[in-house]
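Reading through the structure tokens given below for one structure.
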Amino acid sequence: MTELNASTLSQLPPQLAAPTYDRGRLKRGIAHFGVGNFHRAHQAYYIDRCLALPGQQDWGIVGIGLSAGERGRHKAAQFRAQDCLYSLTIAPPHGESRVRVIGAQLDYLLAPEQPEQVLALLASPELRIVTLTITEGGYHVDPHTRAFRTDHPDVAHDLAGEGAPRTVFGFVAEALARRRAAGLKPFTVVSCDNLRHNGEVARAAFVGFARARDAGLGDWVEANVAFPNSLVDRITPAVTAADARRLNAASGLHDRVPLVAEEFTQWVIEDRFSDGRPALEQVGVQISDEVKLWEQVKVRVLNAGHLTLAYPSLLLGLREVAEAMRDEHVPVLLERFLGRDVLPLLQAPRGVDLQDYKDTVLERFRNEATHDQLTRIASDSASKVPVYLVATFKQMLAGGADRRIPAFLLAAWSRVLQGSDDNGEAFKVSEPHLRASSRQQLAHAAASEALRIAPLRASGVAGDAAFAAAFDRYRRALERDGTRATLQALLEETSG
Ligand code: CS2
């Protein structure tokens, strides 16, 4: 097994694709907050390919971690032990996987331990883009009013301005204030989270924070910082210790942080940058004025499809996405919900056939080589449901559509939150943004009360008698008859 670090790069097994550029000569042009598997398999993959092009050496990435808890420190230590190199196994649906060593990440800073280094990086002239994967729930923006919520204790701490910042908002605002004072251009802020209009949400958050800190800074940020909307897509599973051993055995590397992702990848972004950008279009990124259409199609088909698949499948005792796609009933539910309920509500981007899009998504879910976990998908549903399902539910109610499948999905979610399947086997789904009381409410309160929890509020389902009645019926049926029988009955009722 070959160790992976800067000194072994030139001796890697020949079948691995490795950086052809000189990492030592790259500039630190991009800072990324939220270095998870998705960022490493998606954005860093595109930038890695850019860096190999002539004249594109300004765009090395520095990762920034905001948590210095045990996990955060461990992650930083693992990245640094490999000079931030890592292997990405790209798994096509059929045929052999290939491995690529990604060199785009040049350094990794742990903000709570190195706040001045983070600020110095963000305020430096060569830093021109800040990118984010801070999760759907990480923006603190009220979905209705688009106001930035200042009630989180860390946000309040950063606004008080005592000591080093703790949040991405605090770091970015302080860095922008320093750039403004130094007469430098601001950097662009690119959200790469699965949010509708993620650039606009990011703008609301960062302008909102800056304004709460200092009105003049808020105005300057609003007038000068670009926040392009962007759509990101690549299914990237979590990697367990057993997965890591399997990936390393295949690559021949001793990689502490190996990754696997599907072959499909997409990034669509608006061409609005404050101070230049990499030649993204040369590595397959779509520069487009239709990002909002792409976003709605992706989150309401792919991500909503993931949830539709995950809830009943977990309860049935299944654990992987491809396994769920082999089930007798689950894919029928998925096809019916997406084909019948979701697609008619969507507007397609130019040149896109929505049926084909959906079929491609289902084909991607059938990929056996990625071993994607249903618990990964069901986790943090409190942040995902509002983005992936609520707009669809709202439109379905307004259009008088059949409520049964959506009501079943929420009933299944309420059981998934209890953390065990129909065989009594426990599974772990984390819900960092859902109060314990809301979890109880969804599972046990009277239907119209249960459906009033915050993640569902904007959908209007609580006030819809037919929806509440169907939800109540499926919640009881899941409890009494189990998931298989309930799902089978639902498919029979809604066929034809
Ligand atoms: C998944 C996504 O967990 C989830 O919400 O649906 O992580 C999905 O795999 C990616 O958005 C694919 O681009």
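For what it's worth, the working numbering labels the leading residue of the sequence shown as 23, then goes sequentially. C-beta: ideal position from N, C-alpha, C; glycine also. Please read these numbers as outputs of a predicted model, since none were measured by experiment.
Figure out for me which residue from A511, S481, R474 and A103 has the closest Cα to the Cα of D277. A103
With DSSP collapsed to three states, give me the class of D255. strand
Report yes or no: do the stretch 84 to 96 and the stretch 324 to 339 share at least 3 C-beta pairs separated by less than 8 Å? no
Which partner residues of A283 appear in the DSSP bridge assignment? I112
Is the stretch 157 to 174 touching the stretch 115 to 124, taking contact as three or more C-beta pairs under 8 Å? No, because fewer than three Cβ pairs between the stretch 157 to 174 and the stretch 115 to 124 fall closer than 8 Å, the two stretches do not touch.
Please classify D363: does DSSP put it in a helix, a strand, or coil? helix
Of the listed residues D494, E501, T153 and D424, nearest to L513 (C-alpha basis): D424
Quick check on the DSSP output: the alpha helix (DSSP H) that includes W81 runs from which residue to which? Note, W81: premise wrong, no alpha helix (DSSP H); not H, not E.
With distances taken Cα to Cα, identify the nearest neighbour of F209 among V194, N220, H179 and Q440. V194
Check whether the Cβ atoms of E285 and P250 lie closer than 8 Å to each other. no
What would DSSP say about S401, mapped onto helix, strand or coil? coil
Out of D236, A226, G221 and V223, which has the shortest C-alpha to C-alpha gap to R202? D236
Taking 7 Å as the cut-off, is the beta-carbon of K406 closer than that to any non-hydrogen atom of the ligand CS2? yes
Considering just the uninterrupted stretch of the alpha helix (DSSP H) at S273, what are its terminal residues? A263 to S273
Residues in its own chain within less than 7 Å of L360 by CB, not counting five upstream and five downstream? V323, G327 and K380
Within its chain, find whatever has a CB closer than 6 Å to the CB of L419; leave out the 5 residues flanking it on each side and keep chain order. G482 and D486
For S442, is the classification buried or exposed, using 16 other Cβ atoms within 10 angstroms of its Cβ as the cut-off for buried? exposed
Pick out the complete alpha helix (DSSP H) segments inside the stretch 310 to 349, 4 residues or longer, and give them in chain order. 313 to 319, 326 to 338 and 343 to 347
Compute the beta-carbon to beta-carbon distance between L239 and V261, rounded to the nearest angstrom, for a pair I have assumed lies under 8 Å. Going by Cβ atoms, the distance from L239 to V261 rounds to 40 Å, so no, they are not a contact pair.
Could you tell me the boundaries of the alpha helix (DSSP H) in which A53 lies? Per DSSP, A53 belongs to no alpha helix (DSSP H); it is in the beta strand (DSSP E), R50 to F55.
V247 and L198: beta carbons closer than 8 Å? yes
Below 8 Å between beta carbons: does that hold for P408 and P477? yes
Starting from the C-beta of H393, find all residues in its chain whose C-beta is less than 8 Å away, skip the five residues before and the five after it, and write them out in chain order. P259, D265, V282, E342 and A344
With G82 and A126 assumed to form a contact (beta carbons below 8 Å), what rounded beta-carbon distance in angstroms separates them? 7 Å
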